[in-house]
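Protein chains: 2
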Amino acid sequence: MSTTKSDINFDDILDDIIYLLESNQLDFVRNIVADLHAADISDLMEHLNSENRSKLFNILPQDVASDVLPEVEDVLREDILEELDTSKIAKLVEEMESDDATDVINELPAEKASEVLDQVEDEYSEEIQELLHYPEDSAGGLMAKEYVAVNADCTVEQAIEELRRNHEEDEVEDIYTCYVIDDFDTLVGLVSLVNLVLAKPKALLRDIMDEEVFAIDSNVDQEEVAQIFEKYNLVSAPVVNSRHKLIGRITIDDVVDVINEETDEDLAKIAGIGEEEILEESVFKVARARLPWLIISFFGEIVSALIMDFYSMTITRMVTSALFIPVVMAMGGSTGQQSGIIVVRGLATGEISPRDLRRRLSREMRTALITGSVIAVLIFLIIALRWNDLRFAMVLATTLIIVIFNASVFGALIPFGLKKLNIDPALASGPFVATFNDVIGLLIYFTLLTTALQYGLI
Amino acid sequence: MSTTKSDINFDDILDDIIYLLESNQLDFVRNIVADLHAADISDLMEHLNSENRSKLFNILPQDVASDVLPEVEDVLREDILEELDTSKIAKLVEEMESDDATDVINELPAEKASEVLDQVEDEYSEEIQELLHYPEDSAGGLMAKEYVAVNADCTVEQAIEELRRNHEEDEVEDIYTCYVIDDFDTLVGLVSLVNLVLAKPKALLRDIMDEEVFAIDSNVDQEEVAQIFEKYNLVSAPVVNSRHKLIGRITIDDVVDVINEETDEDLAKIAGIGEEEILEESVFKVARARLPWLIISFFGEIVSALIMDFYSMTITRMVTSALFIPVVMAMGGSTGQQSGIIVVRGLATGEISPRDLRRRLSREMRTALITGSVIAVLIFLIIALRWNDLRFAMVLATTLIIVIFNASVFGALIPFGLKKLNIDPALASGPFVATFNDVIGLLIYFTLLTTALQYGLI
């Protein structure tokens, strides 16, 4: 019995496979791989270089290859697909579930995609073409056509027969529910598999079905689909069109992928990197995705430089002032991240809704007064003791309170604003807002300082 | 038929509920709430102030309250539990599934917990006490005792009878699998519910069971549990002890919670905030969680100030140098985040393994040379054109290449190092490493600058 990942001893297998692939002992590779789960093979492939990867993929039996392909990360799958001809892809696609098949077709160039579809059997090709109409990040883009639906007037016995037919034909294993429809394919209820097993064979589905169904409209965004699954602890959900006709089914494994994808996206925006960077092999592609963010930040800080240049007399008269530029920037930056990321995350999970703006801002402001005061006292003591300048200490302490207060308000406000404008709030945690906070912080610092110098206060 | 979240019009209901609670029209509240799903009620509670929240909770019928309580965020649940007496908690706990019941008991102070357990019926109390032994973040801490296990020598018919008994007794709805055990309770296989429905009634489980089971050891960390579920697209998994005896079951809804929890934790470390901040109401608690991170960053930048103080003659001789402190800091900081967060995320999802260190570092270094060169050219042009100082432009361009290269190496290296030391790599993306990069960056800048000045190069 195969058990947990740690039992498989992935590292040893990987080393063996690399050695065997490089020395072209492909029969040994076939033997090792025959005992592995498709997800493990896909894992191996992600740790191989591109040459070994295609060697390995090419020796997989067709039914295994069609299981492995949907598991591989998008970046690598595109590479693999590039090397395959259309008839091979068509054969693989025919063995996949319709949602995976659609994803593969979606990744092909238009011409190649239609060539592949021409070689897939007609009925299945039509299903895939239907699925291709939906945006990839909508409920329609997530759903598959493999589900069991039975008319409300059927008996439990008939439903089980339908289940058998479906199971044998599509080889769909992950069925947890039988959907109940009326004569017009409208979804009217569902019967869980447990209840189907335990019901009397002659009972009508109409009489035993659960009418409380979380049906999802095909246009709903995938992030909202994930929120619905999480909230109601769903394992699968029916998808309906605008006339409430049953058109597909979404399963939890695809939702888990969405959750991870959304987190990847948010983290990419926080870090200022490309969304599919983890397994990207071309450093030019990586650099091209990262540079825009660096350049935004770069020019923002050039603005900081210009502001300080304007106040350069202040720095000349008081060189000590330059020493605390990093403190001012770091306190603004860290506070902005603290109040910003929590709002970004809350908006993403639904735990914070746009209506919470005022409550959230008030909480951030009160928090900022506490943290700002503590930091102000610290800087006052340090300047007073180390640099022995009480008045400068006062100016810097005041600066930090204002900077922390400001950064914390902007940090929380900007994600709400972006959400309202239908822009991903996660952008607010990226270099853009951090740089903005730096500019504002330094402006406050040098304005206060210059004013204090002008009035002879320091 | 209730459908998606958007149909419920949450905002309107919330406004009504607040009005009715404040004006003590509790019968109306009861009517509204009667139509809602436990998860929706829990959502409402999260948007109420604490007074209204306990008012609402107290009018919920017992069976609804026991469904709502596990759905509420931890921070708020503790508040609610504080106000309830032990007999009420005991009644609620008895209606929960064993994993939720254990979570509730875990949140109570030791004395109150044992009082509650004394009032729970013996058999169930023993189950909960068994579950309490496992660390909360292990597979044992996630599992529940509600599952169906049948001896391998039983027939399909007998298994269905056992399913019926179990279903009626525990009212467990989410059963997808029948586990198969031998005479010593050792897990030997499973039969999916679909296959159970479609098998012949007189068939032996032994003959139709699937022997390939992803059994999870009770000691496995919850992060690894999530990785196993994600990788193998599981909906539920059996948990076994060290002698492979079946002791519990983990379901996907709890795993989704783990995934979100782990993301929350990572984001909290990146942002430098407390882990359960989103719904925390006390600004003192929020400030107390955030201050340590701010203070680390603060003292780091004080070190920057001391370094620059040491080089203050350089700033005096060349005030322009101070203007580019923000550029140096921002380029180091942004690059460090870019290379760091991607490694943190990859290590968390398993897409990057510790063995990828060299490949990852090499990729980061090559990327840094590209991005560093672009930024170096930009700063050279800007200084040359705006400040008209070619030699200073050379020094600053060199500084930025080194700083970007360094930050990108440290950014990727430190998470790997923490992982090796069994410390959460996410810490590497927090203020700690960012500050470290600032200090190193400024040290490089002023050392280069001072050397150049000493040798009369600028």
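Protein sequence lines correspond, in order, to chains A and B. Just so you know, the first sequence maps onto residues 286 to 743 in the numbering used here. Just so you know, the second sequence maps onto residues 286 to 743 in the numbering used here. Even for Gly, the Cβ is constructed at its ideal location relative to N, Cα and C.
Query: Around the Cβ of residue 779 of chain B, are there at least 16 other Cβ atoms within 10 angstroms (buried) or fewer (exposed)?; Result: Not covered by the structure: residue 779 of chain B. The range shown for chain B is 286 to 743.
Query: Please state if the CB of residue 422 of chain A and the CB of residue 347 of chain A are separated by a distance shorter than 7 Å.; Result: no
Query: Would residue 557 of chain B count as contacting chain A if we go by Cβ distances under 7 Å?; Result: yes
Query: List in chain order: all unbroken alpha helix (DSSP H) runs of 4+ residues lying wholly within the segment 318-353 of chain A.; Result: 323-331, 335-343, 347-353
Query: Find out if the Cβ-Cβ distance for the pair residue 714 of chain B, residue 563 of chain B is shorter than 7 Å.; Result: no
Query: May I ask you to report which of helix, strand or coil DSSP gives residue 550 of chain A?; Result: helix
Query: Hey, would you say residue 475 of chain B sits closer than 7 Å to residue 462 of chain B, going by beta carbons?; Result: yes
Query: Just to confirm my understanding: we take residue 315 of chain B, look at its own chain, exclude 5 residues before and 5 after, and list those with CB closer than 6 Å. What are they?; Result: 344
Query: Compare the C-beta of residue 677 of chain A against all C-beta atoms of chain B and say whether one is closer than 7 Å.; Result: no
Query: Who are the neighbours of residue 537 of chain A on chain B, taking C-beta pairs under 8 Å?; Result: 520, 537, 541
Query: In whole angstroms, what is the alpha-carbon distance linking residue 334 of chain B and residue 645 of chain A?; Result: 13 Å
Query: Using alpha carbons as the reference points, say which of A/689, A/359, A/411, A/681 lies closest to residue 657 of chain A.; Result: A/689
Query: For residue 531 of chain A versus residue 472 of chain A, is the C-beta spacing smaller than 7 Å?; Result: yes
Query: Would you check if there are 3 or more beta carbon pairs closer than 8 Å linking the segment 687-704 of chain A to the segment 619-630 of chain A?; Result: yes
Query: Verify the CB distance criterion: does residue 571 of chain B have a CB-CB separation below 7 Å to chain A?; Result: yes
Query: Please classify residue 355 of chain B: does DSSP put it in a helix, a strand, or coil?; Result: helix
Query: Out of B/441, B/717, B/594, B/647, state which residue places its alpha-carbon closest to the alpha-carbon of residue 577 of chain B.; Result: B/717
Query: Would the segment 718-737 of chain A and the segment 602-616 of chain A be scored as touching if the rule is three or more Cβ pairs under 8 Å?; Result: yes
Query: Check whether the Cβ atoms of residue 684 of chain A and residue 738 of chain A lie closer than 7 Å to each other.; Result: no
Query: Using a Cβ-Cβ cutoff of 8 Å, what residues of the segment 481-514 of chain A are near chain B? List them in chain order.; Result: 481, 482, 483, 496, 497, 498, 499, 500, 501, 502, 505, 509, 512, 513, 514
Query: Nearest-angstrom Cα distance between residue 512 of chain B and residue 634 of chain B?; Result: 7 Å
Query: Which chain B residues are close to residue 651 of chain A, counting only those with a beta carbon under 7 Å from its beta carbon?; Result: 568
Query: Check residue 596 of chain B in the structure and name its three-state DSSP category.; Result: coil
Query: Consider the Cβ of residue 730 of chain A: report whether some Cβ of chain B lies at a distance smaller than 7 Å.; Result: no
Query: The beta strand (DSSP E) that contains residue 475 of chain B, what's its start and end?; Result: 472-477
Query: Which whole runs of the beta strand (DSSP E) in the segment 459-509 of chain B are 3 residues long or more, in chain order?; Result: 462-466, 472-477
Query: On the three-state DSSP scale, how would you describe residue 437 of chain A?; Result: coil
Query: Ignore the nearest five residues each way along the sequence and tell me which others in residue 678 of chain A's own chain have a CB closer than 6 Å to its CB.; Result: 665, 668, 669
Query: If you measure beta-carbon to beta-carbon, which residues of the segment 665-691 of chain A are closer than 7 Å to chain B?; Result: 667
Query: Quick check on residue 288 of chain B - is its C-beta less than 7 Å from some C-beta in chain A?; Result: Legend: pLDDT at residue 288 of chain B = 46, less than 50; position of this residue unreliable, no value from coordinates given.
Query: Roughly how many whole angstroms lie between the Cα atoms of residue 469 of chain B and residue 364 of chain A?; Result: 50 Å
Query: With a threshold of 7 Å on Cβ separation, who are the neighbours of residue 588 of chain A within its own chain once the five nearest residues in sequence on each side are excluded?; Result: 724
Query: So is residue 609 of chain A in contact with chain B if we call contact Cβ pairs under 7 Å?; Result: yes
Query: List, in chain order, every chain B residue whose beta-carbon is nearer than 9 Å to that of residue 315 of chain A.; Result: The premise fails here: residue 315 of chain A is roughly 19 Å from chain B at the closest Cβ pair, so nothing lies under 9 Å.
Query: With H, G and I counted as helix, E and B as strand and the rest as coil, what does DSSP make of residue 286 of chain A?; Result: Any reading at residue 286 of chain A must be qualified, since the residue scores a pLDDT of 41, below 50, and its modelled position is unreliable; the value itself is stated next. Residue state, collapsed to three classes: coil.
Query: Using a Cβ-Cβ cut-off of 7 Å, state whether residue 648 of chain B counts as contacting chain A.; Result: yes
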